[in-house]
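Okay, structure first, notes after.
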Amino acid sequence: MELPPVIQTIRNWKQEDKAVITQKEEKSDEVQISTGSATPSLGALENCFTNAYTPLDLFQLYFSPTTVRTLCTNTNKRAAKSKEMGKKYKWADVEVEELYKFLGLLTYTSLVPLPTITDYWKQNTITSVLFPSYSDGEGPFQGSALEHPPQ
Numbered sequence: 051m052e053l054p055p056v057i058q059t060i061r062n063w064k065q066e067d068k069a070v071i072t073q074k075e076e077k078s079d080e081v082q083i084s085t086g087s088a089t090p091s092l093g094a095l096e097n098c099f100t101n102a103y104t105p106l107d108l109f110q111l112y113f114s115p116t117t118v119r120t121l122c123t124n125t126n127k128r129a130a131k132s133k134e135m136g137k138k139y140k141w142a143d144v145e146v147e148e149l150y151k152f153l154g155l156l157t158y159t160s161l162v163p164l165p166t167i168t169d170y171w172k173q174n175t176i177t178s179v180l181f182p183s184y185s186d187g188e189g190p191f192q193g194s195a196l197e198h199p200p201q
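Structure (structure tokens):
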């Protein structure tokens, strides 16, 4: 099966990008450029035309598990530091799955603006939206940092 032109272009671009990185590494020993798993993989882009992916698989092209783990670690460290400094609030460590849900909801609420944050969790009305109540239920994000002014 021949790849679509857009994938062939991406493949050519990736090859050119690797050549530039190699040249930079040869010129300078001080700068190390990582091409690790923190970036979307070309294989995933090529296969998106032939394989079935879950929304999480596609979302992870932009927010890799490594990146989200780092965000969780840093968020939890910051919360612990704030509590040590005397801040009084209830805190439970953020887990990777929970942060993916939050980032997904944040993206969704940015793309689908509703008048109030509670409108995202309304059920059985003509204006109900499925995603937030399905992914979060009556969970921790209802009325949280997702609050935004009406458009």
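Take the sequence shown: its letter number 79 is residue 129 in the numbering used here, and every next letter is one higher.
Glycine is no exception: its CB is placed at the ideal position from the N, C-alpha and C atoms.
Only a predicted model underlies this, so the values are computations on that prediction, with no experimental measurement involved.
query = Roughly how many whole angstroms lie between the Cα atoms of VAL179 and PRO163?
reply = So the alpha carbons of these two residues sit roughly 11 Å apart.
inquiry  = As a quick exercise: from ARG128, ASP143 and VAL144, pick the residue whose alpha carbon is nearest that of LYS137.
reply    = With distances taken between Cα atoms, LYS137 lies closest to ARG128.
key: Own chain partners of VAL118 with C-beta closer than 7 Å, once the 5 adjacent residues on each side are dropped   = Take VAL118, set aside five residues on each side of it, and the residues of its chain with a beta-carbon closer than 7 Å to its own are VAL146, LEU149 and TYR150, in chain order.
task = Report the residue ranges of all alpha helix (DSSP H) runs contained in full by the region 103-158; include only those spanning at least 4 residues, in chain order.
result = Fully enclosed alpha helix (DSSP H) runs of 4 or longer: 105-109 and 115-134.
Residues near LEU153 in its chain [Cβ-Cβ closer than 8 Å; skip 5 each side] = Hits under 8 Å: PHE109, PHE113 and VAL118.
Contact set for MET135: own chain, Cβ-Cβ below 7 Å, skip 5 residues either direction = Close CB contacts of MET135 within its chain, under the 7 Å cut and outside five residues either way in sequence, are absent.
key: Through-space distance from LYS140 to THR125, alpha-carbon basis   = It is roughly 14 Å from the alpha-carbon of THR125 to the alpha-carbon of LYS140.
task = Taking all protein chains shown into account, decide if THR159 is buried (16 or more other Cβ within 10 angstroms of its Cβ) or exposed.
result = Within 10 angstroms of the beta-carbon of THR159 lie 16 or more other beta-carbons, which makes it buried.
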